[in-house]
Structures are given as C-alpha cells and as structure tokens.
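A short worksheet on the structure shown next.
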Amino acid sequence: MAANQGGRTRRRLSTEERREQLLSVGAKLFSESPFDEVWIEQVAEIAGVSRGLLYHYFPTKRDFFAAVVERESERMLRMTEAVPGVPVRGQLNAGLDVLLEYVETHAHGFRAFHRAEAAGDQAVRRVHRRALAAQERQILAALAADPEFGPGFAGRPDLPLAVRGWLAFLTAVCLEWLRGSELTREQVRDLCARALLGVVGD
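One gets my numbering by counting positions in the sequence shown from 1 and adding 58 to each.
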C-alpha cells in the first residue's frame, strides 16, 4: 500500500489491473480522437502514471492502440460465441441483446475498435481486419452447423460476402444508435436480426 499526501492509503495496482486501467483510458481517448491526435503523455497524465511506466507496458503508441483493439475484439467474440446445438434463429436475438448491452456499457471501447480502420498505421489496421475476420468466421461456422442454413451452405459462395456486409451494417447501425437514435435497444436488435436473416436466406 502507498500513502498519498492526504494521509490516505492507495492500493497499488497489480500488473494486470494497471494494464486494464491504461487500456480503458486509451479506449476513451481513441474513441474521441483520431489515432494521430492521441498523445502518450495525455494517456499517462489521465492514468496518473509516468510516461516511462506506460512505455513499459506498451513500447509504442501503435502497440497501445493495437492492444485496445485486440481487447475489444476478444470481448465481442466471447460475448457473441455461438452455442453448439442451438439453431441460429433461436440464439440470434439473445446474442444481439448481449452485444448491444456491451455497445451501450462500453461505448468508448466499441468506438475505438471501429476507429482502427481509419488509422493511418497499417499494423493497427491489420489487427482490426483480423478481428473482423474472426467475427465473420464465427458467424459462418454457426450457419454451417445450423440445421436450417447448413444444408445449403456449401452451395452458397456468396455467404462470406453477405456476412461481411452484414457486419458492416451492424457496425453502422450501432454507431448511429450511440449518437442518439430514438430507437430502443429492442428495435435495434430486431432490425439487425432481420437484416442478417435477410442476407443469409435464400
């Protein structure tokens, strides 16, 4: 425990807790400003750490932003993972509900993740594209295993493109919703569910 000037004790953060704190600060800043306008000094000041400590965790700003993107990608993949044996139609609304709750409660992280494609840094953009590809594979695997969509899956070479387009649609809808759309979460969920079923249906 470390004491501050007011005599109160302040718990020293573990390595993982400090890393998580820095990533949360980064998500907020990168969600509000382009990559080139976020400064490491600014992150360190908000987090209350030295610039040297931040560089200990993330050697470059590119590494820092890439870590923010990876963190949000892993969260979204975990939350939207398909349940084996449950039909796509049966779990689509539940999966979208979980995702939309995440979008609401982690708005900075969601925005930061989708700002990565606009970053001028190619390494950061590659991280973002790998994350989107993982989401696409996850959805395609669920469709292939589904008793309704699976039988015709092999004969649908357009499905990967359809799913990729739906992910872009989902992103656009969520970002617009965060800007203050009048639609409720349930209305956004139903809109996105209908759109996916529309693009993967015959």
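Glycine is no exception: its CB is placed at the ideal position from the N, C-alpha and C atoms.
- Contact between Pro205 and Pro145 is confirmed by a C-beta separation of about 6 Å, below the 8 Å threshold.
- Within the same chain, and ignoring the five residues on either side of Ala253 in sequence, the residues whose Cβ sits closer than 7 Å to its Cβ are Trp224, Phe227.
- Taking Gln180 as the centre and dropping the five residues before and after it, the same chain places no C-beta closer than 8 Å to its C-beta.
- Per DSSP, the continuous alpha helix (DSSP H) segment holding Pro218 begins and ends at 217 to 236.
- The beta carbon of Val182 is closer than 8 Å to those of Phe93, Arg120, Phe123, Ala124, Val127, Ala174 in its chain, skipping five residues each way along the sequence.
- Rounded to whole angstroms, the separation of the alpha carbons of Val107 and Arg237 is 32 Å.
- Between the segment 210 to 218 and the segment 156 to 168, the count of C-beta pairs closer than 8 Å stays below three; the two stretches do not touch.
- For Arg147, the enclosing alpha helix (DSSP H) covers residues 146 to 163.
- Nearest C-alpha to Ala170 among Ser72, Val101, Ser82, Arg77: Ser82.
- The three-state reading of DSSP puts Leu241 in coil, since its state is none of H, G, I, E or B.
- Under the 10 Å beta carbon count, Ala85 is surrounded by 16 or more other beta carbons and is classified as buried.
- Sixteen is the threshold: when 16 or more other Cβ atoms of the shown chains lie within 10 Å of the Cβ of Ser89, as they do, the residue is buried.
- Val246 places its beta carbon less than 8 Å from that of Val231.
- Beyond the five residues adjoining it in sequence on each side, Leu249 comes within less than 7 Å, by CB distance, of Val231 in the same chain, given in chain order.
- For Thr73, the enclosing alpha helix (DSSP H) stretches over residues 73 to 90.
- Glu139: not part of any alpha helix (DSSP H); DSSP gives it neither H nor E.
- Secondary structure of Asp248 (DSSP, three-state): helix.
- The distance from the Cβ of Gln193 to that of Met137 is about 11 Å, inconsistent with a contact at the 8 Å cut-off.
- In this chain, Ala174 is not harboured by any alpha helix (DSSP H), its DSSP state being neither H nor E.
- The distance from the Cβ of Ala102 to that of Gln79 is about 11 Å, inconsistent with a contact at the 8 Å cut-off.
- Rounded to the nearest angstrom, the gap between the Cα atoms of Arg188 and Ala202 is 21 Å.
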